[in-house]
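Participant: Input: one structure, supplied below.
Numbering (full-length UniProt numbering), first residue to last: 1 to 296.
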């Protein structure tokens, strides 16, 4: 039986302009190309979890505009249950991204409907209570993240927080987290110093996965395990959404009952499949692709 995954998070439309160089303030630069693609960490991780084999429900808000229609259709096409997604009158979340030929970028995110995802309904709480794993990020109001994690903890649902983007967290939020997933910058923001310190993180949460980009991941818990899990060696085409592929797959593997070290290895395979493709949600891997690399 597929593990039941609930993702409470953001949905954005990514508007990506490619140009020879980034414009200076007040300047117009003629671009090379333009790409529009569904994104947002919540939506991406929900799609990643569904493709990895989870029975996935997305909780979030989209706008009443054309972008909202596209965002909902992308989730549905990936097999995500969108029956509880809210529609807010006005704009969906939008990320305006400018990328130059050296890969440098400049990003403006307008949260739009994501800002309206507050005050969890009884139906949304019931979905969380019925899940094996709840997965949250930090692109929606933190009050909603806190409420969702608390609902999960009260119901006995395992809770994962991908603490991205990095920001100050309200007191007590991490008390609701069973597994924290962070990169080195996010880890530093949580403990208040630049170098990640697993012992300091384990004072706050019982289990931590530290993602290390091309070096793989590191898993540690309060039982004394602390182990680096190497990355799979693949040819990298685009690292966009690799972290979301990793986190979505991790939620599925943990929901299946795998030991967390093995779950991290499997999630590393998902991230490695993703980086071999160009794009965001379109590069997220199917379960068969993950298994093929994991078993290679």
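Note that beta-carbon positions come from the ideal geometry of N, C-alpha and C, so glycine has one too. Quick caveat, the model's predicted, so the values are computed rather than measured.
Since residue 56 and residue 80 are thought to touch, with beta carbons under 8 Å apart, how far apart are those beta carbons, to the nearest angstrom?
Facilitator: Locating residue 56 in the chain shown gives position 56, where the first residue counts as 1. Locating residue 80 in the chain shown gives position 80, where the first residue counts as 1. Contact between residue 56 and residue 80 holds, with the beta-carbon distance rounding to 5 Å and staying under 8 Å.
Participant: So, with DSSP's three-state summary, where would you put residue 310?
Facilitator: The first residue shown for the chain is 1 and the last is 296, placing residue 310 beyond what the model contains.
Participant: Pick from 75, 198, 5, 109: whose alpha carbon is nearest that of residue 186?
Facilitator: Along the chain shown, one-based indexing puts residue 186 at 186. Minimum Cα distance to residue 186 is reached at 198.
Participant: Expressed to the nearest angstrom, what Euclidean distance is found between the alpha-carbon atoms of residue 53 and residue 252?
Facilitator: Stepping through the chain shown from its first residue, residue 53 is reached at position 53. Stepping through the chain shown from its first residue, residue 252 is reached at position 252. Roughly 7 Å separates the two Cα atoms.
Participant: Where does residue 13 sit, in a helix, a strand or coil, going by DSSP?
Facilitator: Translated into positions along the chain shown, residue 13 becomes position 13. In the structure shown, residue 13 sits in a strand (DSSP, three-state: E or B).
Participant: Whose CA, out of 239, 23, 18, 287, lies closest to the CA of residue 277?
Facilitator: By one-based count along the chain shown, residue 277 stands at place 277. Ranking 239, 23, 18, 287 by Cα distance to residue 277 puts 239 first.
Participant: Grab me the residues of residue 250's own chain with a C-beta within less than 6 Å of its C-beta, minus the 5 sequence neighbours each way, in chain order.
Facilitator: For the purposes of this step, residue 250 is identified with residue 250 of the chain shown, where counting begins at 1. For residue 250, where only same-chain residues beyond five positions count, the Cβ hits under 6 Å are 263, 267.
Participant: Assuming residue 181 contacts residue 209 (C-beta within less than 8 Å), just tell me the rounded distance between them.
Facilitator: Locating residue 181 in the chain shown gives position 181, counting from the first residue. Locating residue 209 in the chain shown gives position 209, counting from the first residue. Indeed they touch by this definition, with Cβ atoms about 5 Å apart.
Participant: Using a Cβ distance threshold of 8 Å, determine whether the region 68-86 contacts the region 18-32, with at least three qualifying pairs required.
Facilitator: no
Participant: CB-CB under 8 Å to residue 74, same chain, minus the five flanking residues each way: which ones, in chain order?
Facilitator: Start at 1 with the first residue of the chain shown, and residue 74 comes out as number 74. Result list for residue 74: 38, 43, 47, 281, in chain order.
Participant: Quick check on residue 294: buried or exposed, where buried means 16 or more other Cβ atoms within 10 Å of its Cβ?
Facilitator: Within the chain shown, residue 294 is the residue found at index 294, counting from 1. Buried: at least 16 other Cβ atoms inside 10 Å.
Participant: From the DSSP secondary-structure annotation, give me the bridge partner or partners of residue 289.
Facilitator: Numbered from 1 along the chain shown, position 289 holds the residue referred to as residue 289. Note: residue 289 is not bridge-paired with any residue in the DSSP secondary-structure output.
Participant: If you measure between the beta carbons of residue 145 and residue 12, is that distance less than 9 Å?
Facilitator: Here residue 145 refers to the residue found at position 145 of the chain shown. Here residue 12 refers to the residue found at position 12 of the chain shown. In this structure, residue 12 does not lie closer than 9 Å to residue 145 by Cβ.
Participant: What is the DSSP secondary structure of residue 163, counted as helix, strand or coil?
Facilitator: Here residue 163 refers to the residue found at position 163 of the chain shown. If DSSP states are grouped into helix, strand and coil, residue 163 belongs with coil.
Participant: Just to confirm, are residue 18 and residue 106 a CB contact at a threshold of 9 Å?
Facilitator: On the chain shown, position 18 is the one that residue 18 refers to. On the chain shown, position 106 is the one that residue 106 refers to. Not in contact: residue 18 and residue 106 (Cβ atoms no closer than 9 Å).
Participant: Could you give the distance in angstroms between the alpha-carbon of residue 45 and the alpha-carbon of residue 131?
Facilitator: On the chain shown, position 45 is the one that residue 45 refers to. On the chain shown, position 131 is the one that residue 131 refers to. If you take the alpha carbons of residue 45 and residue 131, they lie about 16 Å apart.
Participant: Judging by CA-CA distance, which residue of 35, 272, 126, 100 is the nearest neighbour of residue 236?
Facilitator: In the chain shown, counting from the first residue as 1, residue 236 sits at position 236. Checking every option, the nearest Cα to that of residue 236 belongs to 272.
Participant: So what's residue 278 in DSSP terms, helix, strand or just coil?
Facilitator: As a position in the chain shown, residue 278 is number 278, starting the count at 1. Coil at residue 278, not helix or strand.
Participant: Can you find a C-beta in chain B that's less than 9 Å from the C-beta of residue 104?
Facilitator: Among the chains of the structure shown, chain B does not appear; only one protein chain is present.
Participant: Which residue comes first and which comes last in the beta strand (DSSP E) that contains residue 106?
Facilitator: Position 106 of the chain shown, counting from 1, holds the residue named residue 106. Segment 105-110, the beta strand (DSSP E) holding residue 106.
Participant: Does the distance from the CB of residue 6 to the CB of residue 59 come in under 9 Å?
Facilitator: Here residue 6 corresponds to residue number 6 of the chain shown, with the count starting at 1. Here residue 59 corresponds to residue number 59 of the chain shown, with the count starting at 1. The answer is yes: Cβ separation under 9 Å.
Participant: Does DSSP classify residue 175 as helix, strand or coil?
Facilitator: Reading the chain shown from its first residue, position 175 is the one you call residue 175. Here residue 175 sits in helix by DSSP.
Participant: Are residue 298 and residue 176 touching if we call contact CB-CB under 9 Å?
Facilitator: Here the chain covers residues 1 to 296 and nothing more, so residue 298 does not appear.
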